[in-house]
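Using the UniProt record's numbering, read the sequence shown as starting at 1 and increasing by one per residue. Ideal Cβ placement from N, Cα and C applies to all residues, glycine included. In what follows, a structure is listed as structure tokens, so that the remarks can point back to it.
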Amino acid sequence: IVNSIQNKPESENEVGEENEKSETTLPYYVKMIDGVQIVTVDATELKFVPSEIQINSGMTKFVMINNGVGEHELVVYDVSKKEIVDKAELAEDEETIAKNIIFEIDHTPAGQTAESDVIDLKTGSYIIGCHIPGHYEAGMKGTLTIN
Numbered sequence: 001i002v003n004s005i006q007n008k009p010e011s012e013n014e015v016g017e018e019n020e021k022s023e024t025t026l027p028y029y030v031k032m033i034d035g036v037q038i039v040t041v042d043a044t045e046l047k048f049v050p051s052e053i054q055i056n057s058g059m060t061k062f063v064m065i066n067n068g069v070g071e072h073e074l075v076v077y078d079v080s081k082k083e084i085v086d087k088a089e090l091a092e093d094e095e096t097i098a099k100n101i102i103f104e105i106d107h108t109p110a111g112q113t114a115e116s117d118v119i120d121l122k123t124g125s126y127i128i129g130c131h132i133p134g135h136y137e138a139g140m141k142g143t144l145t146i147n
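Printed below as a string of structure tokens:
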């Protein structure tokens, strides 16, 4: 299922204004707001920061801040679907990609912030990538581990 996103200028981004206290230490890129993990990922030129994301299962929203000079996207899919998604991407087969991804934050212009819907993520290993032509192949990818 592909979830919708909202593109917002960074100045309108409300994520992180309230950070609830947690009994466990969260990574710097995760905040808890009203029981939802908010995971912030910076997209720069051909990399995500962080590129290795570890979070807990449960209700989660991703926020991508595009600090690059061109547009970027963030696509998340199960490790077991990597070969299918890679082949579909090469063939520009959007239907196959849509069937195999967990969610995506679609093309986001430079200087903009975009976010996913709240998603109930299950334990597992996932791939993140920017599939704008040439970006993934140049290294704009990473891992998402959900405990």
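Which of the three DSSP states, helix, strand or coil, is assigned to residue i?
i	result
asparagine 100	helix
glutamate 73	strand
proline 94	Sequence check: residue 94 is glutamate here, not proline. Note: glutamate 94 maps to helix in three-state DSSP.
Tell me which residues share the same chain as residue i and place their Cβ nearer than 6 Å to its Cβ, disregarding the 5 neighbours each side in the sequence.
i	result
phenylalanine 62	Val39, Ser116
isoleucine 84	Asn100
valine 36	Met59, Lys61, Val118
aspartate 34	none
By Cβ distance, which residues of its chain are closer than 7 Å to residue i, with the 5 residues on each side in sequence left out?
i	result
residue 162	A question about residue 162 goes unanswered here, because the residues of the chain that appear run from 1 up to 147.
glutamate 45	Gly68, Val69
lysine 81	Asn100
alanine 110	Asn66, Gly68, Val69, Gly70, Glu71
Please classify residue i as buried or exposed, where buried requires at least 16 neighbouring CB atoms within 10 angstroms.
i	result
lysine 141	buried
valine 79	exposed
valine 49	exposed
tyrosine 136	buried
alanine 43	buried
So if DSSP puts residue i in a beta bridge, which residue, or which two residues, is it bridged to?
i	result
asparagine 147	Paired residue(s): none; asparagine 147 is not in a bridge.
aspartate 78	Tyr126
asparagine 66	Ala43
lysine 31	Ile38
lysine 141	Gly129
glycine 58	Leu121
threonine 105	Checking the sequence, you will find isoleucine at residue 105 rather than threonine. The partner list for isoleucine 105 (beta bridge, DSSP) reads Leu74.
alanine 110	DSSP lists no partner for alanine 110.
Who are the near neighbours of residue i in its chain, counting only those whose CB is closer than 8 Å to its CB and skipping five residues on each side?
i	result
threonine 76	Correcting the residue type first, residue 76 is valine in the shown sequence and not threonine. Result list for valine 76: Phe62, Ile101, Ile102, Phe103, Glu104, Tyr126, Ile127, Ile128, Leu144, in chain order.
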